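These notes concern the structure reproduced below.
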Amino acid sequence: MNTTLTTVLYTSKTLSDGTHPLMLRLTKNRRIKYISLHISLDAKFWDFDKSRPKRNCPDKERINTLIETKTKELQEQILDFKTSDKEYTLNTLLEKASRKVVRQTVGEYLNGYIDRLLVANRVGNAKTFQELRTSLTKFCRSLDFYFIDIDAEWLKRYEQWLRVERHYSDNSIGIRFRSLRVLYNSAITDGLIKKTDYPFDTFKVSRFKEATAKRSLTKEDIRRIMDCEVRTLTKYPKPFLQLAKDLFLFSYLSCGINLTDILHIRYADIVDRRLVFNRQKTGKLLSFQLQPAALAIIDKYRQPNAHPQDYIFPVLRRSVHVTAQQQYGRVQRTNKRINRYLKLIGEHLHLPITLTTYVARHSFATVLKRSGVSTSIISESLGHSSEKITQIYLDSFENSQIDAAMQNLL
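Right under this line is the structure:
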């Protein structure tokens, strides 16, 4: 009996961001198997009758390419079975097809990995792996090699090249190697390389760490920023200077949420003086009571005839920044501009550290810690990795506990 392959949007499963996994459904002898394509999609972008993305689907061409590649791979294996006059089950088909992927080069696999991230709207992560691809291309001159070629000696040569030729710090080297390790682990999962060939057991990535400079302020410093009349800092009015100050303070007053999340806040996310929304990076639901000063900042930018799905702060526009790539690019450019103006504010106030959007996040955690808030909620050290730990701690507590803790911010 013939095997049929159909692309389906698996609506029986809904992910945290409301999308559904895209899968290939294999049917043979009334038996069915599903293969994940490692991407997900909103149901409004899927044509259920034609089993393909609609015309208005973001990244439609990229999704179609992924579907065609996987379908072709399976069809070729089915043809191999038929020409050899061999019987097969769906399980043997999948096992045989997965073994064929082993000959995929690092470059081919990395390109596919980046494509999957972009389709999943994980633009920031995709950029990290695009930078890894550029770095590896410069180091190797070509990515036409296999994961089996990456051993401990190869990793040492890459480290030496990053230090001597590129003059990278330990932190920057660590970013490259952590990305490479993630890629290698993914290749193991996909059957390109065996776990026994794993080189990172002997080559430790954890050693690439530097002590992070202090990046937090006191309550008194925060109050000075609040009282600062930024209009007097420049000869001519600069509205973006006021926006930079407001976004910094909003982050500090609002659980230290990062700029990307702040700029994605919509009017519909404010419910009974609470901010209730899903984080851009993790998709995790965040909910907390907005402080009066934070509500005042929102009121400053509130538009009287705004649509509930409009963004509150005047950076992203719903009708202009439609795709994840457009939003990511706009946020990154805005972040650089805001940090430039924050530096100006910090220098004017003679603050002990350079003022950036990250300082608001660190200061939020530090001020709560110094106010006696339990260290089980706020982690002791404030390096990059501990920012993630802090968020995990915060997520594990009830909303009421977070609300009570935030009363100590001013």
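According to UniProt numbering, the sequence shown is numbered sequentially starting from 1.
Here a beta-carbon is modelled for each residue, glycine too, at the ideal position from N, C-alpha and C.
Because the structure is a prediction, the values reported are computed rather than measured.
Under three-state DSSP, which class holds residue i?
i	result
Lys-156	helix
Ser-135	helix
Val-164	helix
Asp-115	helix
Gln-289	strand
Pro-53	strand
Ser-12	coil
Thr-39	Sequence inspection shows Ile at residue 39; the Thr mentioned does not correspond to that position. Looking at Ile-39 - three-state DSSP - the assignment turns out to be strand.
His-321	coil
Asp-274	The sequence given here has Arg at residue 274, not Asp. Strand, per DSSP.
Thr-69	helix
Arg-215	coil
Lys-284	coil
Ser-385	Unreliable positioning characterises Ser-385 in this predicted model, as indicated by a pLDDT of 43, which lies under 50. The coordinate reading is nonetheless provided below. Helix.
Glu-380	Low confidence applies to Glu-380: its pLDDT is 35, below 50, so where it sits in the model is not reliable, and the reading given next is rough at best. Residue state, collapsed to three classes: coil.
Tyr-146	coil
Ser-179	helix
Asp-170	helix
Gln-326	helix
Thr-334	helix
Asn-185	helix
Asn-121	coil
Ala-306	coil
Phe-208	coil
Ser-363	helix
Leu-295	helix
residue 413	Any question about residue 413 goes unanswered here, given that the chain covers just 1 to 410.
Which residues does DSSP list as the beta-bridge partners of residue i?
i	result
Arg-266	Tyr-311
Asp-190	Beta-bridge pairing links Asp-190 to no other residue.
Arg-25	Thr-6, Tyr-34
Phe-200	DSSP, once it has assigned bridges, lists no residue as partnering Phe-200.
His-348	Partner(s): none; His-348 has no beta bridge.
Asp-47	Arg-52
His-20	Leu-41
Is it right to say residue i is buried, meaning 16 or more other beta carbons lie within 10 angstroms of its own, or is it exposed?
i	result
Asp-221	buried
Leu-79	exposed
Phe-208	buried
Asp-59	buried
Gln-303	exposed
Pro-292	exposed
Arg-141	exposed
Leu-93	buried
His-321	buried
Gly-346	buried
Tyr-34	exposed
Gly-256	buried
Pro-308	exposed
Val-367	buried
Arg-317	exposed
Thr-196	exposed
Gln-75	exposed
Ala-360	buried
Val-106	buried
Lys-50	exposed
Ile-32	exposed
Asp-115	buried
At the 8 Å Cβ level, is residue i part of the contact set with chain D, yes or no?
i	result
Thr-65	Although the question refers to chain D, the structure presented lacks it and comprises just one protein chain.
Apart from the five residues on each side of it in sequence, which residues of its chain come closer than 6 Å, Cβ to Cβ, to residue i?
i	result
Leu-217	Ser-363
Val-8	Met-23, Arg-25
Arg-273	Leu-290
Val-119	Ile-39, Asp-59, Arg-62, Ile-63
Tyr-88	Phe-81
His-264	Gln-280
Among the residues of its own chain, which have a CB less than 7 Å from the CB of residue i, if the five just before and after it don't count?
i	result
Arg-178	Val-205
Phe-139	Tyr-158, Trp-161
Ser-135	Arg-176
Ile-297	Asp-246, Leu-249, Phe-250
Gln-325	Val-123
Thr-137	Leu-143
Asp-306	For the sequence presented, residue 306 should be read as Ala rather than Asp. Excluding sequence neighbours, Ala-306 sits near Tyr-267.
Ser-385	Per-residue confidence for Ser-385 stands at a pLDDT of 43, beneath the threshold of 50, marking its modelled position as unreliable; the derived number appears in the next sentence. Cβ neighbours of Ser-385 beyond the five flanking positions: none.
Gln-104	Leu-192
Thr-354	Lys-343, Gly-346
Leu-155	Pro-199, Phe-203
Looking only at its own chain, which residues have a Cβ that is under 8 Å from the Cβ of residue i, when we skip the five neighbours before and after it?
i	result
Ile-67	Thr-7, Leu-22, Leu-24, Leu-37, Arg-52
Arg-266	Phe-277, Pro-308, Gln-309, Asp-310, Tyr-311, Ile-312
Lys-235	none
Ile-173	Glu-159, Leu-162, Arg-163, Phe-208
Worksheet item: Enumerated in chain order, which unbroken segments of the beta strand (DSSP E) with a length of 3 residues or greater are wholly contained in the region 72–109?
Response: You should have found no qualifying run.
Worksheet entry | beta strand (DSSP E) runs wholly inside the region 220–259, at least 3 long, in chain order | List check, beta strand (DSSP E) in window: nothing returned.
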